[in-house]
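Peer 1: Handing you a structure now.
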Amino acid sequence: MIGMEAEFGIKQSEFARSPTLQTVMMVEKYIDKHSGEYKKTELFNNLPRKVMWQTFQVIMEYLESIHKIAYDNEGSIVYIWNPAFFEKVKNRPAIKI
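Shown next as structure tokens:
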């Protein structure tokens, strides 16, 4: 099985740990709830559960690579995934999934 780091081209340091799905979802939900409020370090320090910095970095790179988050001009993290919009357009002929 290919790890998330290899599959998405994310660099992994020798100290980074592969995050569990539960941890990825926790970070994603927290970003969705607090979209635009925090910069990266502030977000890390305010997560509901502690995560290793290296693991957090892997999660952030992953969420950015699948276009769920972006950074605004001031460096704040913004949640950009819109499930309602996806449901609305996914069956259009011009959209390939």
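Under the working numbering, the residues of the sequence shown are numbered 3 to 99, in order. Backbone N, C-alpha and C define an ideal beta-carbon position, used for all residues, glycine too.
#1: Would you call THR43 buried or exposed, if buried means 16 or more other Cβ atoms sit within 10 Å of its Cβ?
#2: The alpha helix (DSSP H) with VAL26 in it runs from where to where?
#3: Determine the closest residue to SER37 out of ARG94, PHE87 and VAL80, with distance taken between C-alpha atoms.
#4: Using 10 angstroms around the beta-carbon of PHE87, count the other beta-carbons present and answer buried if the total reaches 16, otherwise exposed.
#5: Please state if the CB of TYR40 and the CB of SER67 are separated by a distance shorter than 8 Å.
#6: Quick one: using the 10 Å Cβ neighbour count with 16 as the cut-off for buried, is GLN24 buried or exposed?
Peer 2: Working from what's here:
#1: The residue in question, THR43, is exposed, as its Cβ has fewer than 16 Cβ neighbours within 10 Å.
#2: 23-35
#3: VAL80
#4: exposed
#5: no
#6: Counting the other CB atoms within 10 Å of its CB gives GLN24 a total below 16, which places it among the exposed residues.
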